[in-house]
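The structure under discussion appears below in the form of structure tokens.
Residue numbers (the numbering used here): 1 to 164.
If you want it as structure tokens, here you go:
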């Protein structure tokens, strides 16, 4: 049997004022929840710096953040030349013969440091150089596909060579 208090509560719930107040409270709680949820999402921060061509600069807080700084605001041939200057400064050429030393480290197996991966079939082979009988090294983009007879110095670029 319902008490007097329970009857008053049921009667109150049927009123328009109760429904409006309940709706406002629910709406307010939803707004507060949304505010705290969206506030906790980590957003990527981009720089507001923009050049006259409309390009934005992404700002990284790293030691290397100034690496390409001198190429800002350049376009076309000027940009191409500046990027060439940047990547060629402090460049250490390695002979094709010596590239195998770097490839042994670059393509080493994570499970066995005495093995290296062959790029064609992913087989593991001993990392000992045997004159090319077990493994060799090749460019990932052959000179024949560059549209020229020979590209001077391309054999010295370590990142273009893989174990085969």
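Glycine included, each C-beta is placed from N, C-alpha and C at the ideal position.
Can you tell me whether DSSP reads residue 120 as helix, strand or coil? Secondary structure at residue 120: coil, using DSSP grouped into helix, strand and coil.
By the 10 Å Cβ neighbour count, where 16 or more other Cβ atoms means buried, how is residue 10 classified, buried or exposed? Within 10 angstroms of the beta-carbon of residue 10 lie fewer than 16 other beta-carbons, which makes it exposed.
By how many angstroms is the C-alpha of residue 99 removed from the C-alpha of residue 139? Rounded to whole angstroms, residue 139 to residue 99 spans 11 Å at the Cα level.
In the DSSP assignment, what residue or residues form a beta bridge with residue 6? Its beta-bridge partners do not exist; DSSP assigns none.
Run through the DSSP bridge pairs and tell me what residue 77 is partnered with. Bridge pairing for residue 77: absent [DSSP].
Span of the alpha helix (DSSP H) holding residue 128? Residue 128 -> no alpha helix (DSSP H), and no H or E assigned at all.
In angstroms, rounded to a whole number, what distance separates the CA positions of residue 115 and residue 125? Cα to Cα, the separation comes out at about 5 Å.
Rounding to the nearest angstrom, what Cα-Cα distance links residue 74 and residue 83 in this structure? So the alpha carbons of these two residues sit roughly 10 Å apart.
Taking all protein chains shown into account, decide if residue 107 is buried (16 or more other Cβ within 10 angstroms of its Cβ) or exposed. Residue 107 is buried by the Cβ-count criterion.
Taking the straight line between their C-alpha atoms, what separation do you get for residue 30 and residue 37? Each residue's CA atom was taken as its position, placing residue 30 and residue 37 some 10 Å apart.
What residue range is occupied by the uninterrupted alpha helix (DSSP H) comprising residue 102? Start and end: 99-106.
Which residues DSSP lists as bridging residue 115, in chain order: Within the DSSP secondary-structure output, residue 115 pairs in a beta bridge with 126.
Just how far apart, CA to CA, sit residue 21 and residue 4? Each residue's Cα considered, the two are about 23 Å apart.
Proximity of residue 137 and residue 103 at Cβ, strictly below 7 Å: Yes; because the gap between Cβ atoms is below 7 Å, this pair is in contact.
When we look at the beta-carbon of residue 81 and count the other beta-carbons within 10 Å, is it buried (16 or more) or exposed? Residue 81 comes out exposed.
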